[in-house]
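Participant: So the protein lines, in turn, are chains G and H. Following UniProt numbering, the numbering of the first sequence begins with 1 at its first residue and continues without gaps. Following UniProt numbering, the numbering of the second sequence begins with 1 at its first residue and continues without gaps. Before anything else, here's the structure in question.
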Amino acid sequence: MKMNKRKNFGITAYIILLMLPIYWLLNMSFKTNQEILGQLTLFPHDFTLANYATIFTDPSWYSGYINSMIYVSMNVVITLLVALPAAYAFSRYKFVGDKHLFFWLLSNRMAPPAVFLLPFFQLYSSIGLFDTHIAVALAHCLFNVPLAVWILEGFISGVPKEYDEMAYIDGYSFPKFFVKIFIPMIRSGIGVAAFFAFMFSWVELLLARTLTSVDAQPIGAIMTRTMGASGIDWGVLSAAGVLTILPGLLVVWFVRNHIATGFALGRV
Amino acid sequence: MNKVSNNKAWWLVLPVFILVAFSALIPLMTVVNYSVQDIFGPGQAYFVGTEWFEEILGDERLQDSLGRQFLFSAAVLLIQIPLGIGIALMMPTRGKRASVCLIMLAIPLLIPWNVVGTIWQIFGRGDIGLFGWGLNQLGFDYNYTANTGDAWATVLLMDVWHWTPLVALLCYSGLKAIPEAFYQAAEIDRASKWAIFRYIQLPRLKSVLVIAVLLRFMDSFMIYTEPFVLTGGGPGSSTTFLSQTLTTMAIGQFDIGRAAAFSLIYFLIVLLVSWLFFTAITHLDKQK
């Protein structure tokens, strides 16, 4: 019992430390700039929603959120569509070059995005996709597709092969079996893969910023741009930061029951 | 699982192959192409062989930034892996408290990286940030924009805050997969806490720890956005890591040949070190 108390104390202390910087951001976002710069206060004395109002009424701010959402959703859809059949193939069949292909895919997860910066910029400019959402979505596939294939392969390998054979005997064609029977069986795996694709696409900035200028500019780029100007509007910046945390919270809520298996990438 | 040999499976892999080839092979070939040429303008490119590589390898700015990068990644691994295991061991295993813990732990991972930088930029400031203000009140002369040591400490602390939850979540899922019978057997043997950890929990954590070490090494080695927002690489160039040096070279100065040679060396280092980690860990596995 004594051991448990110590454990509880430890984990509580850690979570408090973990939440402290976020609490501070939240605190700042409800303050006026006079209060922020005037005196350090632990909670807003002069509570205001003006910072949030600025973001929701100024198109140059809120369009950033919309742009980010668009390319992230595109990326998740593309990633899942191509990764599902590939993961099935890797899990069920031997074919020429399968191992090499798998390792080559994974090696792309190790490529620093900075390496691809210049060629991506030129590639997407030359095919006329610069400053579009699809360009960022495709660029993010570089690290999301290998990861999704890897995660899904783990989950699919956990489904006994007898199911495939039974469906075949029952007269299902492959596409029908895949959509009607197989996908529902690995839906937690799909959820986890989507979660990771969302996560890495949502948090990435370097590629997203380089491939866009106006029409598809992500919220992160808008935030860093305002930072260079003299006299930073700390209140609005904090509010913008808080708003970028919310979509993540929403997604994590949906997969909360699968987080534990999900983080082991389906392979424990 | 015994797999069936079937080359038609290539059709299922083809979309992935095309997509990744488009977004990885073409750019990589472009980089290789640039790295051996001197380009003055359209149609005015000259083959220079390994000149850029020789120049880059002798570049002091690059060597410094490479040294800093290795130091940073080593510190990240040394702090985050043990800390993550410790946190995973402390976490409640079931019930509502467990899911609350999991969600809280996942939050830092879902914050955009530039916002992580912003959070710590605000949090660490002496005038408006709780952390910086608190340290100053305690009598420390803390200022992350002026002192090299403070800047390093803040970047490291930020990374620990940001990524230790990933290690903890990985270890937690590894621990959850240990069957109850193992602990019951340990109880019958009157094994100590340490013995349980050393001979039951740690060996079972190995597969997730491989993932954790590899992910943390790769991602810390590519770090760009967070220190860029927090310190801008300063003071001086004390927190400028490889990605930032490369980005400045490629986009800022448009020094294409040199940046391309740099890119290839960078990529090769990541691949090599990841491979070393991977073989070292799997080799240890075989010795037992």
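Ideal Cβ positions, reconstructed from N, Cα and C, are used throughout, including at glycine. Model, not experiment: these values are computed from the prediction.
(1) Among H:209, H:118 and H:193, which one has its Cα closest to the Cα of residue 173 (chain H)?
(2) Count the other CB atoms within 10 Å of the CB of residue 144 (chain G); is the residue buried (16 or more) or exposed (fewer)?
(3) Please report the distance separating the alpha-carbon of residue 39 (chain G) from that of residue 143 (chain H).
(4) For residue 234 (chain H), which of H:283, H:26, H:221 and H:151 has the nearest alpha-carbon?
(5) Indicate whether residue 318 (chain H) and residue 18 (chain G) have their beta-carbon atoms separated by less than 9 angstroms.
(6) Hey, out of H:188, H:117, H:154 and H:148, whose CA is closest to residue 135 (chain H)'s CA?
(7) On the DSSP bridge assignment, give the partners of residue 193 (chain H) in chain order.
(8) Curious, which full-length beta strand (DSSP E) runs of at least 3 residues does the region 99-166 of chain H contain?
(9) How is residue 3 (chain H) classed by DSSP in three states: helix, strand or coil?
(10) Give the residues of chain G in contact with residue 271 (chain H), contact being defined as C-beta atoms less than 7 angstroms apart.
(11) Strictly below 8 angstroms CB to CB, what residues from chain H border residue 14 (chain G)?
(12) Check residue 96 (chain H) in the structure and name its three-state DSSP category.
(13) Check whether the Cβ atoms of residue 78 (chain G) and residue 138 (chain G) sit closer than 9 angstroms, and answer yes or no.
(14) So residue 250 (chain H) contacts chain G; which residues on that side make the cut at Cβ distance below 8 angstroms?
(15) On the CB-based measure, 16 or more other CB atoms within 10 Å of its CB, does residue 1 (chain G) come out buried or exposed?
(16) State the DSSP-derived secondary structure class of residue 64 (chain H), mapped to helix, strand or coil.
(17) DSSP three-state call for residue 232 (chain G): helix, strand or coil?
(18) For a contact defined as C-beta to C-beta under 8 angstroms, what are the partners of residue 233 (chain H) on chain G?
(19) So, at 8 angstroms on beta carbons, what are the nonlocal neighbours of residue 130 (chain H) in its own chain, with the 5 sequence-adjacent residues on each side left out?
(20) Quick one: what does DSSP say residue 39 (chain G) is sitting in, helix, strand or coil?
(21) For residue 38 (chain H), which three-state DSSP category applies?
(22) Among H:250, H:206 and H:225, whose alpha-carbon lies nearest the alpha-carbon of residue 277 (chain H)?
(23) Within a Cβ cutoff of 8 angstroms, which residues of the same chain sit near residue 193 (chain H), ignoring the five residues on either side of it in sequence?
(24) To the nearest whole angstrom, what separates the beta carbons of residue 235 (chain G) and residue 51 (chain G), a pair I think is in contact under 8 angstroms?
(25) Determine the closest residue to residue 61 (chain H) out of H:279, H:242 and H:109, with distance taken between C-alpha atoms.
(26) For residue 127 (chain H), collect the residues of the same chain with a Cβ closer than 8 angstroms to its Cβ; drop the 5 residues on either side in sequence, then sort them by chain order.
(27) Please list the residues of the region 97-115 of chain H that have a C-beta atom closer than 8 angstroms to any C-beta atom in chain G, keeping them in chain order.
(28) If you draw a straight line from the C-alpha of residue 142 (chain G) to the C-alpha of residue 27 (chain H), how long is it?
(29) Counting only the same chain and skipping the five closest in sequence on each side, list residues whose C-beta sits under 7 angstroms from that of residue 349 (chain G).
(30) So residue 83 (chain G) contacts chain H; which residues on that side make the cut at Cβ distance below 8 angstroms?
(31) Based on the DSSP secondary-structure assignment, which residues constitute the bridge partners of residue 47 (chain H)?
(32) The alpha helix (DSSP H) that contains residue 140 (chain G), what's its start and end?
(33) Restricting to runs no shorter than 4 residues, where is the alpha helix (DSSP H) found entirely within the region 174-201 of chain G?
(34) Closer than 8 angstroms is the cut-off here; do at least three beta carbon pairs connect the region 264-278 of chain H with the region 83-100 of chain H?
(35) Among H:67, H:115, H:53 and H:186, which one has its Cα closest to the Cα of residue 256 (chain H)?
(36) What residues in its chain sit with their C-beta under 8 angstroms from that of residue 80 (chain G), if we drop five residues either side in the sequence?
Facilitator: Reading it off the structure:
(1) Stepping through the second sequence from its first residue, residue 173 (chain H) is reached at position 173. Comparing Cα-Cα distances from residue 173 (chain H) to each of H:209, H:118 and H:193, the minimum goes to H:209.
(2) In the first sequence, the residue the question calls residue 144 (chain G) occupies position 144. Flag for residue 144 (chain G) reads buried.
(3) Reading the first sequence from its first residue, position 39 is the one you call residue 39 (chain G). Reading the second sequence from its first residue, position 143 is the one you call residue 143 (chain H). When rounded, the distance between both Cα atoms is 18 angstroms.
(4) Residue 234 (chain H) sits at position 234 when you count from the first residue of the second sequence. It is H:151 whose Cα lies nearest to the Cα of residue 234 (chain H).
(5) A query on residue 318 (chain H) cannot be resolved here, the shown segment of chain H reaching from 1 to 288 and no further.
(6) Looking up residue 135 (chain H) in the second sequence gives position 135. Taking only the C-alpha atoms, the option nearest residue 135 (chain H) is H:154.
(7) For the purposes of this step, residue 193 (chain H) is taken as the residue at position 193 of the second sequence. None; residue 193 (chain H) has no bridge partner.
(8) For the region 99-166 of chain H, not a single whole beta strand (DSSP E) run of length 3 or above is found.
(9) On the second sequence, residue 3 (chain H) is found 3 positions in, with the first residue counted as 1. Correct three-state label for residue 3 (chain H): coil.
(10) Here residue 271 (chain H) refers to the residue found at position 271 when the second sequence is read from its first residue. For residue 271 (chain H), the C-beta contacts it makes with chain G under 7 angstroms involve 107 and 110, in order along the chain.
(11) Taking the first residue of the first sequence as 1, we reach residue 14 (chain G) at position 14. Here the neighbours are 87 and 90.
(12) Here residue 96 (chain H) refers to the residue found at position 96 of the second sequence. Correct three-state label for residue 96 (chain H): helix.
(13) Taking the first residue of the first sequence as 1, we reach residue 78 (chain G) at position 78. Taking the first residue of the first sequence as 1, we reach residue 138 (chain G) at position 138. Taking 9 angstroms as the Cβ cut-off, residue 78 (chain G) and residue 138 (chain G) qualify as a contacting pair.
(14) Translated into the one-based positions of the second sequence, residue 250 (chain H) becomes position 250. The answer, in chain order, is 114, 117 and 118.
(15) On the first sequence, residue 1 (chain G) is found 1 positions in, with the first residue counted as 1. At residue 1 (chain G), the pLDDT of 48 sits below 50, so the modelled position is not reliable; the number obtained from the coordinates is stated separately. Exposed, because fewer than 16 other Cβ atoms sit within 10 Å of the Cβ of residue 1 (chain G).
(16) Residue mapping note: residue 64 (chain H) aligns to position 64 of the second sequence, counting from 1. Helix at residue 64 (chain H).
(17) Stepping through the first sequence from its first residue, residue 232 (chain G) is reached at position 232. Residue state, collapsed to three classes: coil.
(18) Within the second sequence, the letter at position 233 stands for residue 233 (chain H). By Cβ distance, chain G contributes nothing, its closest Cβ being about 13 angstroms from residue 233 (chain H), past 8 angstroms.
(19) Locating residue 130 (chain H) in the second sequence gives position 130, where the first residue counts as 1. Hits under 8 angstroms: 123.
(20) The residue you call residue 39 (chain G) lines up with position 39 of the first sequence. Correct three-state label for residue 39 (chain G): coil.
(21) Reading the second sequence from its first residue, position 38 is the one you call residue 38 (chain H). DSSP places residue 38 (chain H) in strand when its eight states are reduced to three.
(22) By one-based count along the second sequence, residue 277 (chain H) stands at place 277. Nearest C-alpha to residue 277 (chain H): H:206.
(23) Your numbering for residue 193 (chain H) matches position 193 in the second sequence. Answer for residue 193 (chain H): no residue qualifies.
(24) As a working note, residue 235 (chain G) is residue 235 in the first sequence. As a working note, residue 51 (chain G) is residue 51 in the first sequence. Indeed they touch by this definition, with Cβ atoms about 4 angstroms apart.
(25) By 1-based counting over the second sequence, the position of residue 61 (chain H) is 61. The residue with the shortest Cα to Cα distance from residue 61 (chain H) is H:242.
(26) Your numbering for residue 127 (chain H) matches position 127 in the second sequence. For residue 127 (chain H), where only same-chain residues beyond five positions count, the Cβ hits under 8 angstroms are 133.
(27) 99, 101, 102, 103, 104, 105, 106, 107, 108, 109, 110, 111, 112, 113, 114 and 115
(28) One-based indexing of the first sequence puts residue 142 (chain G) at position 142. One-based indexing of the second sequence puts residue 27 (chain H) at position 27. So the two alpha carbons sit approximately 11 angstroms from each other.
(29) Outside the displayed range of chain G (1 to 268) lies residue 349 (chain G), so it cannot be described from this structure.
(30) Counting from 1 along the first sequence, the entry for residue 83 (chain G) is found at position 83. Chain H residues near residue 83 (chain G): 16.
(31) Indexing the second sequence from 1 puts residue 47 (chain H) at position 47. Answer is H:37.
(32) Reading the first sequence from its first residue, position 140 is the one you call residue 140 (chain G). 133-157 is the span of the alpha helix (DSSP H), which, as asked, contains residue 140 (chain G).
(33) 174-177
(34) no
(35) Counted from its first residue, the second sequence places residue 256 (chain H) at position 256. Among H:67, H:115, H:53 and H:186, the Cα nearest to that of residue 256 (chain H) is on H:53.
(36) By one-based count along the first sequence, residue 80 (chain G) stands at place 80. 148, 190, 193, 194 and 197, listed in sequence order.
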